[in-house]
Amino acid sequence: METLKNRSVSRRSNQELNSSTNLILEGENTHKIGQEQVHGLLFGEQVSWQAIIYDLINSEQLDPWDVDITILSNKYLERVREIEEADFFVSSKVLLAASLLLRIKSEILLNRDIPSLDDILFGREEKKTYTQERIELDEEMPDLIPRTPLARARKVSLQELMTALGKAIHTENRRIKKVVTAHQQEIETALSLPTRRFNLKDEITRVYSKLKELFSGEKEKISFNEISGKTKEERVGTFVPLLHLDNQQKVFLEQEGHFQEIWVWMKKIYEEKNAALLEIWRREAEEAMAAEELEEMEEDEGEERKIFRKESVDENYLGLKKLFGE
């Protein structure tokens, strides 16, 4: 029976080890990676952790239905060292599988009774502790006799081991990808804010004085690019004071469309040149406010009518109830 098991494992492992074993043997005879090895590393198949385990099960004559984790983990580490000494590429999954095998080995040595390998690799679920109330009984409690025979150490099959390792490696890869993706997003969305500090009041005074000098001639409006610098810090240092001056009703900022030129007007000049347009805007704003107030009044009157009708119905109902003596 053991011979049939080993033969089945051997047939499965030989298919995966055809290309990888030849590259390892070539690496043992040379101290440097040759041209054929470089080509194999770039275009050939890498030595997988599954192939290493299948080969060890076959070479060490381990029982696939009761795998000795201690022997398997020790031999696995020896094989990884041989691959590294042969100057062959070792993937991160092979090293991760080695660490998982060592974790399983240490847990089994400490505790032989393990429900499943998932408890070792992913942690055991915390059981809720329930407070049990004390119950007084008249009769004496019977003696508890342990069951015989006691539970034996749990066996670990090759299929269960490969499934648990594959699941753990897949979970770890997903976690690493999430961390890398989050880090890349932080780098991409990071903004290079201006590092130069300035006094906002002084900057507002400086920009306003500069505008007075520019408007002392015959100019009616000035583009933002004329008064701002070329660097980002200079443009931000000019734009922020302009927003405050516009809020203080000292200047007027005009922009016909998104991402178009921003024009700076002195407030008095803009009101003189666009008096008719401002009057139209004022009337439209007043009409909109009046329409909104009228709509609110109609809604309030509708609510009052509903309340009045409800009170009238209630009074009529009470009157009829008294009339008929019910």
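If you want my numbering, it's the 1-based position in the sequence shown plus 226.
Glycine is no exception: its CB is placed at the ideal position from the N, C-alpha and C atoms.
As the structure is a prediction and not an experimental result, all values here were calculated from the model.
In its own chain, which residues sit with a C-beta less than 8 angstroms from the C-beta of residue i, not counting the 5 before and 5 after it?
i	result
L282	L288, L298, K301, Y302 and R305
E460	S454
K476	Y434, M492 and K493
K403	none
M388	Q276 and I279
L426	V466, P467 and H470
Here's the rule: buried if 16 or more other CB atoms are within 10 angstroms of the residue's CB, otherwise exposed. What is residue i?
i	result
K456	exposed
W491	buried
I533	exposed
L321	exposed
V406	exposed
I413	exposed
R423	exposed
I309	buried
L468	buried
L391	buried
A312	buried
G506	Sequence check: residue 506 is Ile here, not Gly. Its Cβ having fewer than 16 others within 10 Å, I506 is exposed.
T415	exposed
T464	buried
L336	exposed
Terminal residues of the continuous beta strand (DSSP E) containing residue i?
i	result
E480	V477 to E480
K447	K447 to S449
Please classify residue i: does DSSP put it in a helix, a strand, or coil?
i	result
K393	helix
W291	coil
V316	coil
N284	helix
N399	helix
T374	Per-residue confidence for T374 stands at a pLDDT of 48, beneath the threshold of 50, marking its modelled position as unreliable; the derived number appears in the next sentence. Correct three-state label for T374: coil.
N300	helix
R509	helix
G455	coil
G528	helix
R213	An answer regarding residue 213 cannot be provided, because it is not within the stretch 227 to 552 covered by the chain.
V382	coil
S239	For S239, the pLDDT reaches just 46, beneath the cut-off of 50, and the residue's location in the model is therefore unreliable, leaving the point undetermined.
R423	coil
H409	helix
Spatial neighbours of residue i within its chain, please: CB distance less than 7 angstroms, with the 5 preceding and 5 following residues excluded, ordered by chain position.
i	result
L504	E497
H470	I430
K436	I453
K499	E446
Please go through the same chain and pick out, in chain order, the residues whose beta-carbon is closer than 6 angstroms to the beta-carbon of residue i, but skip the five residues on each side of it.
i	result
S236	With a pLDDT of 47 at S236, under the threshold of 50, the modelled position of that residue is not reliable, and the figure given next carries that caveat. Once the five neighbours on either side are set aside, the close Cβ partners of S236 are N284.
K331	I295, T296 and S299
I448	L440 and V490
I395	K319 and L322
V382	V293
I450	The amino acid at residue 450 is misidentified as Ile; the sequence shows Phe. Excluding positions up to five away in sequence, the list reads I488.
List the DSSP bridge partners of residue i.
i	result
V490	I448 and L479
The alpha helix (DSSP H) spanning residue i covers which residue range?
i	result
K458	K458 to N473
K427	L426 to L440
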